[in-house]
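Everything below concerns the one structure shown next.
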Amino acid sequence: MSMAKTNRKTDRLSAFHLLAKPTGAACNLGCKYCFFLSKKNLYPHSSFRMSDELLETYIRQYIEAQNISHATIAWQGGEPTLMGLEFFRQSIHYQEKYRRPGMTISNSMQTNGTLLDDDWCRFFRQNNFLIGLSLDGPRELHDAYRVDKAGKPTFDRVMKAARLLRKHKVDFNILTTVHAANMDHPLEVYRFLRDEVKTEFIQFITIVERDNDTGFQEGDNVTDRSVDPEQYGRFLIAIFDDWVKRDVGKVFVQIFDVALAAWTGLPTGICSFSPTCGTAMAMEHNGDMYSCDHFVEPKCLLGNIREMSMAELASSRKQREFGREKLDSLPGCCLKCEVRFVCNGECPKNRLARTPEGQPGLNYLCPGYKEFFRHIDGPMRFMASELKQGRAPANVMNYTKDGQISRTIFKPKRNDPCPCGSGLKYKKCHGRAG
Ligand code: SF4
Ligand code: SF4
Ligand code: SF4
């Protein structure tokens, strides 16, 4: 997620997003697709623990750099809970110490959940943490890749964490990676998360894992664990078709929200689907700040917050160029693409394919996104139109069948404006013959 506003006088970002990694790449699990464990090699002999002095510097600088009335502190890893509860209690103490009058601060944490207990959950609840819990679907699909260091399955431990979070009424989202092992089971995954985990917020994260020895975003080959692009499109379509018939307004799937924002003409709020990026950075356990969580590699090191302020690093020319490059490097077929308004070529880390003309820089997931965004056009237009007219997008559930606006239940006259909000006559839009 990115939030960026520029103060034109100083050319400083007045707000940005930063993922803090207090344990660096240290984690108690050994997920087979983990892109972060290899970052340990960047810091040989490190203890992978953020010091108390750096914690205070980080909180102070981050709050000072946010020239807005609300700040979100985002914790990630590796596995952040390895720091222990005291570290996070101390972080709340520093947040209170440096909070400006009238400013509100919230915390979010992405965790594998395996170390959570009642004390952690009480702390999360008391301090309004929003938790992102990683869970890849039912047991066999989750355990395919999400294993501990000994190669043992983790499903039961994660489900226990979900129960604890619910028991303590902690806000949590489920983060589900989509990969070779679960991509053929969209409805199994979705209905399990909805009906058994009973989550209302789901975020899908694609596994596009480069096959190389560096662990950096290099090379054109992907591992066998990576999601297949076409299948990813079918995965999203199957879930969308289920969702649009019964779950709109009840279950929030991040990519559907992104799409609705784009169809409504609003910013998506997610860096991957924005025209430019560069306002969502990552900070290692020693204060090194990088352009993005997916580019923790030497060429994207901005500097260390002990030597230069976080605000300066976030506004540096290097970082601005990083963000602009997302747009500048779009290949020709993206520039002409009918769904560019929502896709924007997605994340540069996935741009390892070539266009049909042989131009580099096409997103590996392109075929899937194209198919998916085309498929949802009708219902999205309808929902966007409802929103613009002050009605609930959930009304779409009355008119959809298999992800399409139903022509039998809902039939305007041929010359009426199409209810999808396109501005065209019904006969020229969703009422077209065939
Ligand atoms: S829990 Fe996260 S950081 Fe740990 S191994 Fe799995 S993917 Fe990597
Ligand atoms: S590289 Fe991708 S994940 Fe990183 S900031 Fe840009 S769009 Fe976001
Ligand atoms: S769907 Fe493909 S061609 Fe269209 S903007 Fe996305 S990546 Fe580019």
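FYI, the numbering for the sequence shown is 7 to 440, going by the working numbering. Every residue gets a Cβ at the ideal spot worked out from N, C-alpha and C, and that includes glycine.
Reference residue 150, options 231, 173 and 115, closest by Cα: Residue mapping note: residue 150 aligns to position 144 of the sequence shown, counting from 1. Looking from the CA of residue 150, the closest CA among 231, 173 and 115 belongs to 231.
Under 8 angstroms between C-beta atoms of residue 97 and residue 65: Translated into positions along the sequence shown, residue 97 becomes position 91. Translated into positions along the sequence shown, residue 65 becomes position 59. Yes. Within cutoff.
Burial state of residue 268 (16 or more Cβ within 10 Å): The residue labelled residue 268 in the question sits at position 262 within the sequence shown. Buried.
Which of helix, strand or coil DSSP assigns to residue 254: Walking along the sequence shown from the start, residue 254 turns up at place 248. In the structure shown, the three-state DSSP call for residue 254 is coil.
Close Cβ partners of residue 235 (< 7 angstroms) along its chain, the five nearest in sequence each way excluded: Residue mapping note: residue 235 aligns to position 229 of the sequence shown, counting from 1. Result list for residue 235: 370, 371, 372, 373 and 374, in chain order.
Proximal residues to residue 229 (C-beta, below 6 angstroms), its chain only, five neighbours per side dropped: Stepping through the sequence shown from its first residue, residue 229 is reached at position 223. Excluding its 5 nearest sequence neighbours in each direction, residue 229 has C-beta neighbours in its own chain below 6 angstroms: 215 and 217, listed in chain order.
Presumed contact (8 angstroms Cβ cut-off) between residue 393 and residue 270, rounded CB distance: Counting from 1 along the sequence shown, the entry for residue 393 is found at position 387. Counting from 1 along the sequence shown, the entry for residue 270 is found at position 264. Rounded, the Cβ-Cβ distance is 6 angstroms, consistent with contact.
Residue 39 to residue 158 span [Cα, whole Å]: The sequence position of residue 39 within the sequence shown is 33, counting from 1. The sequence position of residue 158 within the sequence shown is 152, counting from 1. Using only the alpha carbons, I get a separation of about 15 angstroms.
Pairwise C-alpha distance: residue 92 and residue 363: Here the question's residue 363 lines up with position 357 in the sequence shown. Here the question's residue 92 lines up with position 86 in the sequence shown. Their Cα atoms are separated by approximately 56 angstroms.
Where residue 132 falls, given that 16 or more other Cβ within 10 Å makes a residue buried: The residue you call residue 132 lines up with position 126 of the sequence shown. Counting every other CB atom within 10 Å of its CB across the protein chains shown gives residue 132 a total below 16, marking it as exposed.
Proximity of residue 184 and residue 213 at Cβ, strictly below 8 angstroms: Position 178 of the sequence shown, counting from 1, holds the residue named residue 184. Position 207 of the sequence shown, counting from 1, holds the residue named residue 213. Yes.
Own chain partners of residue 143 with C-beta closer than 8 angstroms, once the 5 adjacent residues on each side are dropped: Residue 143 sits at position 137 when you count from the first residue of the sequence shown. Excluding positions up to five away in sequence, the list reads 182, 188, 191, 194, 195, 198 and 199.
Three-state secondary structure (DSSP) of residue 382: Numbered from its first residue, the sequence shown carries residue 382 at position 376. Residue state, collapsed to three classes: coil.
7 angstroms CB neighbourhood of residue 274 in its chain, flanking five on each side removed: Walking along the sequence shown from the start, residue 274 turns up at place 268. Cβ neighbours of residue 274 beyond the five flanking positions: 264, 267, 268 and 280.
Bounding residues of the alpha helix (DSSP H) (the contiguous stretch that carries residue 124): On the sequence shown, residue 124 is found 118 positions in, with the first residue counted as 1. 124–132 is the span of the alpha helix (DSSP H), which, as asked, contains residue 124.
Closest by C-alpha distance to residue 403, when choosing among 85, 344, 365 and 247: As a working note, residue 403 is residue 397 in the sequence shown. Residue 247 is the option with its Cα nearest to residue 403.
Short Cβ contact (8 angstroms threshold) for residue 278 with residue 331: For the purposes of this step, residue 278 is identified with residue 272 of the sequence shown, where counting begins at 1. For the purposes of this step, residue 331 is identified with residue 325 of the sequence shown, where counting begins at 1. In this structure, residue 331 does not lie closer than 8 angstroms to residue 278 by Cβ.
Extent of the continuous beta strand (DSSP E) to which residue 79 belongs: The sequence position of residue 79 within the sequence shown is 73, counting from 1. In the DSSP assignment, residue 79 falls within the beta strand (DSSP E) that extends over 76–81.
Closest by C-alpha distance to residue 377, when choosing among 345, 406 and 359: Within the sequence shown, residue 377 is the residue found at index 371, counting from 1. The candidate whose alpha carbon is nearest that of residue 377 is 345.
Identified DSSP bridge partners for residue 183: The residue labelled residue 183 in the question sits at position 177 within the sequence shown. Paired residue(s): 211.
Beta-carbon proximity of residue 137 to residue 129, cut-off 8 angstroms: Position 131 of the sequence shown, counted from the first residue, corresponds to residue 137. Position 123 of the sequence shown, counted from the first residue, corresponds to residue 129. It is not a contact, given that the beta carbons lie outside the stated cut-off.
Beta strand (DSSP E) segment containing residue 25, residue limits: To locate residue 25, count along the sequence shown from 1; it is residue 19. It spans 23–26 - the beta strand (DSSP E) in which residue 25 sits, taken as one unbroken run.
Three-way DSSP call (helix, strand, coil) for residue 415 in this model: As a first step, residue 415 must be located in the sequence shown, where it is residue number 409. Model confidence at residue 415 stands at a pLDDT of 40, short of 50, so the residue's coordinates are unreliable; what they give is reported in the following sentence. If DSSP states are grouped into helix, strand and coil, residue 415 belongs with coil.
Segment contact flag, the region 53–69 with the region 291–302, C-beta cutoff 8 angstroms, min 3 pairs: yes
CB of residue 311 within 8 angstroms of CB of residue 78, strictly: The count along the sequence shown starts at 1 and reaches residue 311 at position 305. The count along the sequence shown starts at 1 and reaches residue 78 at position 72. No, Cβ-Cβ distance for residue 311 and residue 78 is not below 8 angstroms.
Coarse secondary structure for residue 142, derived from DSSP in three states: Position 136 of the sequence shown, counted from the start, is the residue given in the question as residue 142. Of the three classes helix, strand and coil, the one that applies to residue 142 here is coil, per DSSP.
Which listed residue (109, 126 and 111) has its alpha carbon closest to that of residue 89: Stepping through the sequence shown from its first residue, residue 89 is reached at position 83. For residue 89, the nearest C-alpha among the options comes from 126.
Residue burial classification, residue 110 (beta-carbon count within 10 angstroms, cutoff 16): Along the sequence shown, one-based indexing puts residue 110 at 104. It counts as exposed.
Ligand 1 heavy atom lying under 7 angstroms from the CB of residue 85: Along the sequence shown, read from residue 1 onward, the residue named residue 85 stands at position 79. Yes, since a heavy atom of ligand 1 falls inside the 7 angstroms radius drawn around the Cβ of residue 85.
Contact test: residue 354 Cβ vs ligand 2 heavy atom, cutoff 7 angstroms: Numbered from 1 along the sequence shown, position 348 holds the residue referred to as residue 354. The answer is yes for residue 354.
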